[in-house]
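For the sequence shown, this note's numbering assigns the number 1172 to the initial residue and increments by one for each residue that follows. Scroll down for the structure; my scribbles are underneath it.
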Amino acid sequence: MSGLENPAKFARLWTAAWNAHDVDAVLDLFHDDVVFTSPLAARVVPESGGVIRGKDALRDYWTAALAERPGLQFELTGIQAGIDSLLIVFRHPGGPERVDLLRLRDGLAFEGHGTYPVPLG
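This is the structure:
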(Lines of atoms letter the chains of each structure in order from A and count residues from 1; the text may use other names and numbers.)
(Lines give C-alpha, C1' and ligand atoms only; values in the text may rest on other atoms or scores of the structure.)
Protein backbone atom coordinates (compact mmCIF):
# COMPACT_ATOMS: atom_id res chain seq x y z
CA MET A 1 0.00 0.00 0.00
CA SER A 2 1.39 3.38 -1.00
CA GLY A 3 1.94 6.04 1.63
CA LEU A 4 0.82 8.70 -0.80
CA GLU A 5 -2.11 8.97 -3.19
CA ASN A 6 -0.89 11.92 -5.24
CA PRO A 7 2.88 12.52 -5.15
CA ALA A 8 2.76 15.53 -7.50
CA LYS A 9 0.14 17.29 -5.38
CA PHE A 10 2.14 16.62 -2.20
CA ALA A 11 5.32 18.03 -3.81
CA ARG A 12 3.48 21.13 -5.06
CA LEU A 13 2.01 21.75 -1.58
CA TRP A 14 5.47 21.28 -0.05
CA THR A 15 7.04 23.73 -2.52
CA ALA A 16 4.28 26.34 -2.13
CA ALA A 17 4.50 26.20 1.66
CA TRP A 18 8.28 26.64 1.60
CA ASN A 19 8.06 29.49 -0.91
CA ALA A 20 5.50 31.22 1.33
CA HIS A 21 7.86 30.68 4.29
CA ASP A 22 4.88 29.09 6.05
CA VAL A 23 6.56 26.60 8.38
CA ASP A 24 3.22 25.47 9.82
CA ALA A 25 1.92 24.65 6.33
CA VAL A 26 5.05 22.58 5.68
CA LEU A 27 4.59 20.85 9.04
CA ASP A 28 0.99 20.01 8.11
CA LEU A 29 2.56 17.48 5.71
CA PHE A 30 4.36 15.67 8.57
CA HIS A 31 3.39 13.36 11.44
CA ASP A 32 3.84 14.64 15.00
CA ASP A 33 6.54 12.03 15.68
CA VAL A 34 8.59 12.85 12.56
CA VAL A 35 12.34 12.32 12.51
CA PHE A 36 14.21 14.55 10.06
CA THR A 37 17.93 14.50 9.30
CA SER A 38 19.94 17.16 7.53
CA PRO A 39 23.50 18.44 7.34
CA LEU A 40 21.99 21.94 7.67
CA ALA A 41 20.33 20.91 10.95
CA ALA A 42 23.76 19.93 12.28
CA ARG A 43 24.90 23.50 11.68
CA VAL A 44 21.73 25.39 12.72
CA VAL A 45 21.04 23.20 15.78
CA PRO A 46 24.52 21.84 16.63
CA GLU A 47 23.35 19.85 19.66
CA SER A 48 21.04 17.82 17.37
CA GLY A 49 23.89 16.17 15.52
CA GLY A 50 21.75 16.73 12.43
CA VAL A 51 18.79 14.65 13.70
CA ILE A 52 15.60 16.53 14.57
CA ARG A 53 12.86 14.61 16.42
CA GLY A 54 9.22 15.72 16.55
CA LYS A 55 7.22 18.52 14.99
CA ASP A 56 7.99 21.09 17.68
CA ALA A 57 11.76 20.64 17.28
CA LEU A 58 11.37 20.64 13.49
CA ARG A 59 9.41 23.91 13.69
CA ASP A 60 12.21 25.48 15.76
CA TYR A 61 14.89 24.27 13.34
CA TRP A 62 13.11 25.38 10.18
CA THR A 63 12.16 28.75 11.70
CA ALA A 64 15.80 29.39 12.61
CA ALA A 65 17.01 28.24 9.18
CA LEU A 66 14.51 30.48 7.37
CA ALA A 67 15.59 33.46 9.49
CA GLU A 68 19.07 33.01 7.99
CA ARG A 69 17.65 33.05 4.43
CA PRO A 70 14.71 35.46 4.26
CA GLY A 71 14.62 35.34 0.43
CA LEU A 72 14.63 31.55 0.19
CA GLN A 73 12.67 30.15 -2.76
CA PHE A 74 12.53 26.63 -4.18
CA GLU A 75 12.02 25.59 -7.78
CA LEU A 76 10.51 22.10 -8.02
CA THR A 77 12.50 20.23 -10.69
CA GLY A 78 11.44 16.61 -10.21
CA ILE A 79 9.57 14.03 -8.18
CA GLN A 80 10.18 10.33 -7.73
CA ALA A 81 7.85 8.04 -5.78
CA GLY A 82 8.36 4.60 -4.26
CA ILE A 83 6.23 2.29 -2.16
CA ASP A 84 6.34 4.54 0.90
CA SER A 85 8.80 7.18 -0.20
CA LEU A 86 8.86 10.42 -2.12
CA LEU A 87 11.93 12.20 -3.45
CA ILE A 88 11.35 15.90 -4.00
CA VAL A 89 14.02 17.31 -6.32
CA PHE A 90 14.43 21.07 -6.17
CA ARG A 91 16.88 23.91 -6.41
CA HIS A 92 17.30 27.42 -5.20
CA PRO A 93 17.30 29.64 -8.32
CA GLY A 94 20.77 29.45 -9.80
CA GLY A 95 21.87 26.72 -7.38
CA PRO A 96 22.48 22.99 -7.73
CA GLU A 97 19.67 20.47 -7.45
CA ARG A 98 18.96 19.03 -4.03
CA VAL A 99 16.74 16.21 -2.90
CA ASP A 100 14.56 15.75 0.17
CA LEU A 101 13.68 12.11 0.73
CA LEU A 102 10.45 11.61 2.65
CA ARG A 103 8.99 8.35 3.96
CA LEU A 104 5.22 8.40 4.21
CA ARG A 105 2.46 6.81 6.24
CA ASP A 106 -1.20 7.69 5.78
CA GLY A 107 -0.27 10.46 3.35
CA LEU A 108 2.06 12.27 5.78
CA ALA A 109 5.83 12.15 6.21
CA PHE A 110 7.06 10.33 9.30
CA GLU A 111 10.71 10.44 8.28
CA GLY A 112 12.67 12.88 6.16
CA HIS A 113 16.23 13.37 4.98
CA GLY A 114 17.55 16.61 3.53
CA THR A 115 20.42 15.92 1.13
CA TYR A 116 23.00 17.99 -0.68
CA PRO A 117 24.99 17.35 -3.86
CA VAL A 118 28.42 15.79 -3.58
CA PRO A 119 31.02 16.08 -6.36
CA LEU A 120 31.72 12.78 -8.11
CA GLY A 121 35.45 13.44 -8.38
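Idealized CB from N, CA, C, for every residue including glycine. Since the structure is predicted, the reported quantities are computational estimates derived from the model, not experimental observations.
Compute the distance between the beta-carbons of Trp1233 and Val1205, then report whether it is under 9 Å.
-> no
Under 8 Å by Cβ, that's how I've got Leu1200 and Ala1252 pegged, so tell me the actual separation to the nearest angstrom.
-> Not a contact, Cβ separation roughly 15 Å.
Taking one C-beta from the stretch 1240–1248 and one from the stretch 1218–1228 each time, how about it: are there three or more such pairs within less than 8 Å?
-> no
Do Leu1272 and His1284 have their C-beta atoms closer together than 9 Å?
-> yes
For Ile1259, count neighbouring Cβ atoms within 10 angstroms of its own Cβ and tell me buried if that reaches 16, exposed if not.
-> buried
May I ask you to list the residues that DSSP assigns as paired with Glu1246?
-> Arg1262
Measure the C-alpha to C-alpha separation of Ser1256 and Ala1188 and round it to an integer number of angstroms.
-> 20 Å
Bridge partner(s) assigned by DSSP for His1284 = Thr1208, Leu1272
So which of Val1222, Gly1220, Val1216 has the shortest CA-CA distance to Glu1239?
-> Val1216
Alpha-carbon to alpha-carbon, Ala1212 and Met1172 = The pLDDT assigned to Met1172 is 35, lower than 50, so where the model puts this residue is not dependable, and the model offers no usable value.
Beta strand (DSSP E) containing Val1194: first to last residue?
-> Segment 1194–1198 is the alpha helix (DSSP H) holding Val1194; no beta strand (DSSP E) there.
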